[in-house]
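If you count the sequence shown from 1, position 178 lands on 561 in the numbering used here, and the numbers rise without skipping.
Down below is the structure, laid out as structure tokens.
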Amino acid sequence: MNDYKLAIIIPAYKGKYLKETLQSFQKQTDQRFNLYVGDDCSPDNIEAIFSEFSHLSNFHYHKFQSNIGKYSLTDQWNRCVDLCQNEQYIWLFGDDDVCDEICVSKFYEIQKRSKVDLYRFNLKVINDFGDIIIIQAPYPPQESHIEFARKRFGNKIISSVNEYIFNKESFINHGRFEKFPLAWCSDDATWIKLSMKNGIKTIPEAIVKWRLSEINISSQPVKHKREIIIAIKDYIEWFNNNVINIKLQKEFYKLEEKWLKNQLFPFKNELKPIDLLYLSNSFRSYNSLKKSWLYLKLNLELFHPKISYLYNKLFCF
384 MNDYKLAIII
394 PAYKGKYLKE
404 TLQSFQKQTD
414 QRFNLYVGDD
424 CSPDNIEAIF
434 SEFSHLSNFH
444 YHKFQSNIGK
454 YSLTDQWNRC
464 VDLCQNEQYI
474 WLFGDDDVCD
484 EICVSKFYEI
494 QKRSKVDLYR
504 FNLKVINDFG
514 DIIIIQAPYP
524 PQESHIEFAR
534 KRFGNKIISS
544 VNEYIFNKES
554 FINHGRFEKF
564 PLAWCSDDAT
574 WIKLSMKNGI
584 KTIPEAIVKW
594 RLSEINISSQ
604 PVKHKREIII
614 AIKDYIEWFN
624 NNVINIKLQK
634 EFYKLEEKWL
644 KNQLFPFKNE
654 LKPIDLLYLS
664 NSFRSYNSLK
674 KSWLYLKLNL
684 ELFHPKISYL
694 YNKLFCF
């Protein structure tokens, strides 16, 4: 086993784009990393795809005997992290995404100058064919956990699991990936807790490309409505209980309400009143009257936008 600082972890289940993913790491100008593929007992022949790269001494394959990702994606992520050896930093990467060939080199450059628990690359979003469909504006050189959360709840930035590299010791000490159904918001929660101490450091120049395709969970929200609603509620409760203080409550409750509507919009035609009531209760510090208003507000904004507009004008909400 090579004695490198960086472990690249690929939890693998979908084989369709895996070869492209592995090629993007084979092409890295700096090969100081160990790459681990954790096969989640996939029906695709992941091992056959990996066999084209098995001659590379820093590429490693492991097949798990059970499909744990079917029940908990974060458990699959966590057990894949356990495949690594003595590396200090972990880069969890999707089985259908790609990155620039200078990513590893740029990580080592910035890590040598700045010691933090969480680094990130700038991001672009691609489709099934590899065409760029979204270009995320460059991240600031350094960002606090509160500013990151402010932008995420404000729907100002895109974020995924793929563009982050984290310190393994800090990750373990903070309880690993925060567990929500479908790992929905699990990455955001984990990045927030890992950046509380010294923020997020951006790695300039190199780009990660996250693929949004028809096989992503993110592209099929209606199919997973129930799990997503539970995850949204759990995440809001986790954030309000563990991150914000009294001074920030008013600001973030407003941001969370807008974010909540944005999260629900893709499957609004599938929503029922009980779903909105369930989500309104995630704001535990709200009294009954405020929860009832939030429930009404979500109903109006999602289903009756014209009436909602009049209410906002009349009552200045």
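Glycine is no exception: its CB is placed at the ideal position from the N, C-alpha and C atoms.
- The stretch 390-406 makes contact with the stretch 445-462; the number of CB pairs closer than 8 Å reaches 3 or more.
- Short of 6 Å from the beta carbon of V544, and not among the five residues preceding or following it, lie these beta carbons of its own chain, in chain order: L475, D570.
- Bounds of the alpha helix (DSSP H) holding N556 are 551-556.
- The residue from L565, I485, Q519 with its alpha-carbon nearest to that of D617 is L565.
- Under the DSSP assignment, A572 falls in the alpha helix (DSSP H) whose first and last residues are 569-577.
- At the C-beta level, F504 and V591 come within 7 Å of one another.
- In the structure shown, the three-state DSSP call for G513 is coil.
- Between the stretch 458-475 and the stretch 508-524, the count of C-beta pairs closer than 8 Å stays below three; the two stretches do not touch.
- Sorting S663, S449, H528, Y547 by C-alpha distance to the C-alpha of L389 places Y547 at the top.
- The beta carbons of Y444 and D422 sit about 7 Å from each other, so the pair counts as a contact at 8 Å.
- Within 10 angstroms of the beta-carbon of I657 lie fewer than 16 other beta-carbons, which makes it exposed.
- Rounded to the nearest angstrom, the gap between the Cα atoms of N664 and K539 is 25 Å.
- Fewer than three pairs of CB atoms, one per stretch, sit closer than 8 Å, so the stretch 521-530 makes no contact with the stretch 413-428.
- Cβ contact annotation for V487 (same chain, cutoff 6 Å, sequence separation greater than five): Q411, D413, F416, in chain order.
- Sequence-distant partners of N581 (beyond 5 residues in either direction) whose C-beta falls short of 7 Å from its own C-beta, in its chain, are V499, D500.
- Close CB contacts of K489 within its chain, under the 6 Å cut and outside five residues either way in sequence, are with I586, E588, A589 (chain order).
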